[in-house]
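Here's the structure we're looking at; comments come further down.
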Amino acid sequence: MVSETSATQNGFCSGKMGEYEHDEVPMRKRHRIVLKEDKNHFIDEDSNCSDTVDTLQPLCTCRVPDTINVIDSVGIWNKCQAQDTINNQDILCCNTVADRLLARPHVRVTFRPFCEYHWQKMHDHFCCPICGVFCIEGRFFICQETDDMHLFHESCGQDAIDCPHCGGKNFALMDIDANAAHKR
């Protein structure tokens, strides 16, 4: 739930976001997985079966061009719908959207419009692929399996064996300030 606390710095404002549910991310089978062409299903690369395998751990779509183009004649999508975690407070963004594309950090998270700042943060793996909320400042799991930092929430990764961004095992809880640590 979004806090009523106001934060006007960096273009953020407070408010309540509509309640929504995200599917539970399965964390059972551990194999290398690949995306099918439709980018909405994962398959086990080790199997001879081409059926969808729902028990595989999904990976993020932070850099996959998994977007929907929206024609918005009413102006509904004019504000960024990103939600940030800043010191255990969830804060909504009030910036104007960058373009008419909707994106998501994972196939199980709802498509949303983002401002330029949040497009960049999602591309940089600062959006938790389990809940879809951005990890901006506070205590988060950080994976450094690759040259990129992959962030996800402590509560989302409690039972995680692998990083939900890359499948790597080199992650730990750390205090993070995404704005200071990862400026581009």
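For the sequence shown, my numbering assigns the number 326 to the initial residue and increments by one for each residue that follows. Cβ atoms here follow ideal geometry from the backbone N, Cα and C, with glycine treated the same way. Fair warning: this is a prediction, and the values are worked out from it, not measured in the lab.
- Checking the DSSP bridge columns, you'll see P438 partnered with L427.
- Our two residues, C385 and A423, have alpha carbons roughly 21 Å apart in a direct line.
- Of the other Cβ atoms in all chains shown, 16 or more fall within 10 Å of the Cβ of K446; this residue is therefore buried.
- Its chain contains V395, V422, R425, L427 and P438 as the residues whose beta carbon lies nearer than 8 Å to that of W402, once the 5 sequence neighbours on both sides are disregarded; these appear in chain order.
- Here the alpha carbons of D472 and I486 stand approximately 20 Å from one another.
- Under the rule that a run must span 4 or more residues, the alpha helix (DSSP H) segments found entirely inside the segment 451 to 508 read 503 to 506.
- Residue burial is scored here from C-beta neighbours: L476 has at least 16 other C-beta atoms within 10 angstroms and is therefore classed as buried.
- Of the other Cβ atoms in all chains shown, 16 or more fall within 10 Å of the Cβ of Q406; this residue is therefore buried.
- It is roughly 12 Å from the alpha-carbon of N420 to the alpha-carbon of W444.
- Per the coordinates, the alpha-carbon of F451 lies some 10 Å from the alpha-carbon of H490.
- Assigned with DSSP and collapsed to three states, Q445 falls in helix.
- Annotation for G493: C468 and E470 place their beta carbon closer than 6 Å to its own, counting only its chain and skipping 5 residues before and after.
- In the DSSP assignment, L384 forms no beta bridge with any residue.
- In the assembly as shown, I455 is a buried residue. Its beta-carbon has 16 or more other beta-carbons within 10 Å.
- 8 Å or more divides the Cβ of C387 from the Cβ of C418.
- Around the beta carbon of D484, fewer than 16 other beta carbons sit within 10 angstroms, so the residue counts as exposed.
- In the DSSP assignment, C418 falls within the beta strand (DSSP E) that extends over Q414 to C418.
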